[in-house]
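Asks:
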Amino acid sequence: MTIRTRFAPSPTGYLHVGGARTALFSYLFARRHGGRFILRIEDTDLERSTAESVNAILEGMAWLGLEYDEGPFYQTHRFDRYNQVIDELLAKGLAYRCDCPKERLDAMREEQMAAKLKPRYDGLCRHRDLDPSQPHVIRFRNPDTGQVVVDDLIRGRMAFDNRELDDLIIRRSDGAPTYNLTVVVDDADMAITHVIRGDDHINNTPRQINILRALGKEPPHYAHVPMILGDDGSRLSKRHGAVSVVAYRDQGYLPEALLNYLVRLGWSHRDREIFSLEEMVELFDIGQVNKAAAAFNTDKLDWLNQHYIQHADPRRIAHLLRPHLGDLGIDPAEGADLTAVVAAQAARAKTLVELARISAFVYRDFEDYEEGAAKKHLRPVAAEPLERLRDRLDMLALADWEPVTLEHTVHRVAEELGLNLGKVAQPLRVAVVGRAASPGLDITLSLVGKEATLRRIDRALAYIRQGSAGV
RNA sequence: GCUCCUAUCGUCUAGUGGUUAGGACGCUGGCCUCUCACGCCGGUAACAGGGGUUCAAAUCCCCUUGGGAGUACCA
Numbered sequence: 002m003t004i005r006t007r008f009a010p011s012p013t014g015y016l017h018v019g020g021a022r023t024a025l026f027s028y029l030f031a032r033r034h035g036g037r038f039i040l041r042i043e044d045t046d047l048e049r050s051t052a053e054s055v056n057a058i059l060e061g062m063a064w065l066g067l068e069y070d071e072g073p074f075y076q077t078h079r080f081d082r083y084n085q086v087i088d089e090l091l092a093k094g095l096a097y098r099c100d101c102p103k104e105r106l107d108a109m110r111e112e113q114m115a116a117k118l119k120p121r122y123d124g125l126c127r128h129r130d131l132d133p134s135q136p137h138v139i140r141f142r143n144p145d146t147g148q149v150v151v152d153d154l155i156r157g158r159m160a161f162d163n164r165e166l167d168d169l170i171i172r173r174s175d176g177a178p179t180y181n182l183t184v185v186v187d188d189a190d191m192a193i194t195h196v197i198r199g200d201d202h203i204n205n206t207p208r209q210i211n212i213l214r215a216l217g218k219e220p221p222h223y224a225h226v227p228m229i230l231g232d233d234g235s236r237l238s239k240r241h242g243a244v245s246v247v248a249y250r251d252q253g254y255l256p257e258a259l260l261n262y263l264v265r266l267g268w269s270h271r272d273r274e275i276f277s278l279e280e281m282v283e284l285f286d287i288g289q290v291n292k293a294a295a296a297f298n299t300d301k302l303d304w305l306n307q308h309y310i311q312h313a314d315p316r317r318i319a320h321l322l323r324p325h326l327g328d329l330g331i332d333p334a335e336g337a338d339l340t341a342v343v344a345a346q347a348a349r350a351k352t353l354v355e356l357a358r359i360s361a362f363v364y365r366d367f368e369d370y371e372e373g374a375a376k377k378h379l380r381p382v383a384a385e386p387l388e389r390l391r392d393r394l395d396m397l398a399l400a401d402w403e404p405v406t407l408e409h410t411v412h413r414v415a416e417e418l419g420l421n422l423g424k425v426a427q428p429l430r431v432a433v434v435g436r437a438a439s440p441g442l443d444i445t446l447s448l449v450g451k452e453a454t455l456r457r458i459d460r461a462l463a464y465i466r467q468g469s470a471g472v
């Protein structure tokens, strides 16, 4: 039998990292076993579902590269089917109409809570024969004895007593079916073999199995993956910074970094940390997934992102970097080859945003010197080496403006002046970059170009003289 | 409240009765070095508590405590 899994988000917000991980696990499990991965949009809550959310989810999935084989299916397109099932349950006496007013239900709940009981519908309408033309909801007649046993792929055996459950509503008074009914009908109709979802659904599982059995279907296998918590161990929310997958993209994270981070949240393979999507597919084992919730740690995500920026094809990174440079008002077409810039800078940035920020100097003169750097390196003693550098560099032909010659020039100036290389290199670096950190000077100068280099050295010399005059 | 799930370094995890409790991020010492990174070498730090079972428990059982979820005409 072909393995079939599904990701079934409800479009009431963006695709967040917890949902993305659930989707990833579901995707990996299907791919690992040569099965099919299905996307289903659970939009039966007409009030809260939006088209924007659907788009955000689709966009997030596409960015991560989690391709689905079937779908997206929309539950709102399947109301006829749900009603057909509900009518069938009604006809078999496995469901019934109920017109209990909200006030009665609320009062009952309060009484039960006060008596330290679990709030449950008391089944008042179970044996009443209501007029279908009057407003009503449909409730599922849940078995009231016995228990439901679930052999969860992640948690092992879980048992629930039927007497803890009550008769849940499967169709609202407005005629719209509810989640616990639709999910069961769809999973059965779509021949889902493995339901992989967040563990917030554990408590729904026995109800769904009961409905499934009433329909004469065999339940699928279940795997409930734990939730993702915020940095501080509390429930993940906006307060913890980015939670939406697309927001990570906008902040300069690579999809492979986020996927790698998410897969290691709850799953591991020996001592290994780096996994491509293909490697995950090859090695993933749902039974190996951790049972406990995991806290999201941005530091580790940053480390992975830096790793991937560093090891990816610089041409691809260059392409992805363009919009971030654009955000800084820079068009890299008007300067050094962006791929060369990426090759020089990749090891220095945790995100593409940072990469753009530390590379801006290649394409335009910086605004101000970094305070500490100027104070330390652009002092009067730096004037002589800078002047000498300016002369020597000016003498270089444009054709000689390349790393080897440039490095040689800087070394020669240091020797001539009898100075440590650092006394020459650092003032030059601050003069050209504006800060005390950059790639090797040979590369840095070659990227910046002759004209801008000389211009910036002049600017630094003026800065030094101005500073001395003020003392 | 009730039901269910859950518990190894700060964080992510390895571990399935016998280990000096391993790795990774972070932090930190050093090497490399024209700076910053990268890289390399080293250090820091954990079995929530209490009872059992066993020759032997991080591993099995029970209780407590902590964390999470559900308890809707949300999904």
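Mapped onto this note's numbering, the consecutive letters of the first sequence carry residue numbers 2 to 472. Quick reminder that beta carbons are idealized off the backbone N, C-alpha and C, glycines included. Note that the structure is a prediction, hence the values are computed from the model and not measured.
Using only alpha-carbon positions, find the residue among Asp303, Val411, Ile4 and Arg457 that is nearest to glutamate 368.
Replies: Cα-wise, what sits closest to glutamate 368 is Arg457.
Asks: Rounding to the nearest angstrom, what Cα-Cα distance links aspartate 123 and alanine 215 in this structure?
Replies: Computed Cα separation, rounded: 20 Å.
Asks: Starting from the C-beta of alanine 24, find all residues in its chain whose C-beta is less than 6 Å away, skip the five residues before and the five after it, and write them out in chain order.
Replies: These residues qualify, in order along the chain: Phe8 and Leu67.
Asks: Which residues bound the beta strand (DSSP E) around alanine 96?
Replies: Residues 96 to 99.
Asks: Tell me which residues share the same chain as asparagine 306 and place their Cβ nearer than 7 Å to its Cβ, disregarding the 5 neighbours each side in the sequence.
Replies: The answer, listed in chain order, is Tyr254, Leu255, Ala258, Lys351 and Thr352.
Asks: Taking the CB atoms as reference points, tell me whether valine 411 and leucine 442 lie closer together than 8 Å.
Replies: Going by C-beta atoms, valine 411 is nearer than 8 Å to leucine 442.
Asks: Would you mind sorting glutamine 85 into buried or exposed? The rule is 16 or more other CB atoms within 10 Å of its CB.
Replies: The residue is exposed, with fewer than 16 neighbouring Cβ atoms inside 10 Å.
Asks: Using only CA atoms, which one of Leu429, Gly435, Asp314 and Arg164 lies nearest to arginine 365?
Replies: Nearest of Leu429, Gly435, Asp314 and Arg164 to arginine 365, Cα basis: Gly435.
Asks: Need the endpoints of the alpha helix (DSSP H) that glycine 157 sits in, please.
Replies: No alpha helix (DSSP H) contains glycine 157, which is instead part of the beta strand (DSSP E) from 157 to 162.
Asks: Give the list of continuous beta strand (DSSP E) stretches no shorter than 3 residues that lie fully inside the segment 12 to 77.
Replies: Within the segment 12 to 77, the complete beta strand (DSSP E) runs of at least 3 residues are 37 to 42 and 71 to 75.
Asks: Leucine 422: buried (16+ other C-beta within 10 angstroms of its C-beta) or exposed?
Replies: Label assigned to leucine 422: exposed.
Asks: Quick one, which of Thr206, Ala463, Ser269 and Asp328 has its alpha-carbon nearest proline 381's?
Replies: That would be Ala463, whose Cα lies nearest to the Cα of proline 381.
Asks: Using only the alpha-carbon positions, how far apart do arginine 158 and valine 150 sit?
Replies: Answer to the nearest angstrom: the Cα atoms are 7 Å apart.
Asks: In this structure, what does DSSP give as the bridge partners for proline 178?
Replies: Bridge partners of proline 178: Arg172.
Asks: Once the 5 residues before and after phenylalanine 74 are set aside, which same chain residues still bring their CB inside 8 Å of it?
Replies: Result list for phenylalanine 74: Ile39, Leu40, Arg41, Ile42, Asp187 and Met191, in chain order.
Asks: Find the nearest neighbour of leucine 16 within the set Gln76, Met2, Val55 and Arg33, judged by alpha-carbon distance.
Replies: Among Gln76, Met2, Val55 and Arg33, the Cα nearest to that of leucine 16 is on Val55.
Asks: On the criterion of 16 or more Cβ atoms from any shown chain inside 10 Å, does threonine 454 qualify as buried, or is it exposed?
Replies: Label assigned to threonine 454: buried.
Asks: Could you say which of Ile203, Leu154 and Phe26 lies nearest to arginine 266 if we only look at CA atoms?
Replies: In the sequence on display, residue 266 carries leucine and not arginine. Taking only the C-alpha atoms, the option nearest leucine 266 is Phe26.
Asks: Pull the bridge partners of leucine 166 from the DSSP assignment, please.
Replies: Partner(s): none; leucine 166 has no beta bridge.
Asks: If you follow the beta strand (DSSP E) that arginine 7 is part of, which residue opens it and which one closes it?
Replies: Segment 5 to 8, the beta strand (DSSP E) holding arginine 7.
Asks: Just mark threonine 13 as buried or exposed, buried being the case when its beta carbon has 16 or more other beta carbons within 10 Å.
Replies: Per the 10 Å Cβ criterion, exposed.
Asks: With H, G and I counted as helix, E and B as strand and the rest as coil, what does DSSP make of glycine 267?
Replies: Glycine 267: coil per DSSP, three-state reduction.
Asks: The beta strand (DSSP E) that contains isoleucine 197, what's its start and end?
Replies: From DSSP, the beta strand (DSSP E) with isoleucine 197 extends over 195 to 199.
Asks: According to DSSP, is glutamine 252 helix, strand or coil?
Replies: Correct three-state label for glutamine 252: coil.
Asks: Can you name the start and end residues of the beta strand (DSSP E) that phenylalanine 362 belongs to?
Replies: Run containing phenylalanine 362: none in the beta strand (DSSP E); it sits in the alpha helix (DSSP H), 353 to 364.
Asks: In whole angstroms, give me the CA-to-CA distance for arginine 110 and cysteine 101.
Replies: Answer to the nearest angstrom: the Cα atoms are 13 Å apart.
Asks: Just to confirm the assignment, what range does the beta strand (DSSP E) spanning arginine 316 have?
Replies: It is not in any beta strand (DSSP E) - arginine 316 instead sits in the alpha helix (DSSP H) that spans 315 to 328.
Asks: Please name the residue in Ser50, Glu408 and Ala177 whose C-alpha comes closest to that of leucine 446.
Replies: Answer by Cα proximity: Glu408.
Asks: Sort out for me which residues DSSP pairs tyrosine 223 with in a bridge.
Replies: According to DSSP, which records beta bridges pairwise, tyrosine 223 is partnered with Val196.
Asks: For valine 247 and leucine 420, I'd like the C-alpha separation in whole angstroms.
Replies: One C-alpha to the other measures close to 51 Å.
Asks: From proline 440 to aspartate 272, what distance separates their C-alpha atoms?
Replies: Rounded to the nearest angstrom, the two C-alpha atoms are 32 Å apart.
Asks: Quick check on the DSSP output: what are the complete alpha helix (DSSP H) runs of length 4 or more inside the segment 83 to 161, in order along the chain?
Replies: Complete alpha helix (DSSP H) runs here, min 4: 103 to 115.
Asks: Do histidine 195 and alanine 224 count as a contact pair if the criterion is CB distance below 8 Å?
Replies: Contact flag set, yes.
Asks: Helix, strand or coil: how does DSSP classify serine 245 here?
Replies: Correct three-state label for serine 245: strand.
Asks: Any chance the segment 354 to 361 sits against the segment 318 to 330, with 3 or more Cβ pairs inside 8 Å?
Replies: Enough Cβ pairs lie closer than 8 Å, so yes.
Asks: Run the CB neighbour count on threonine 51, radius 10 Å, all protein chains shown included, and call it buried at 16 or more, exposed below.
Replies: Threonine 51 comes out exposed.
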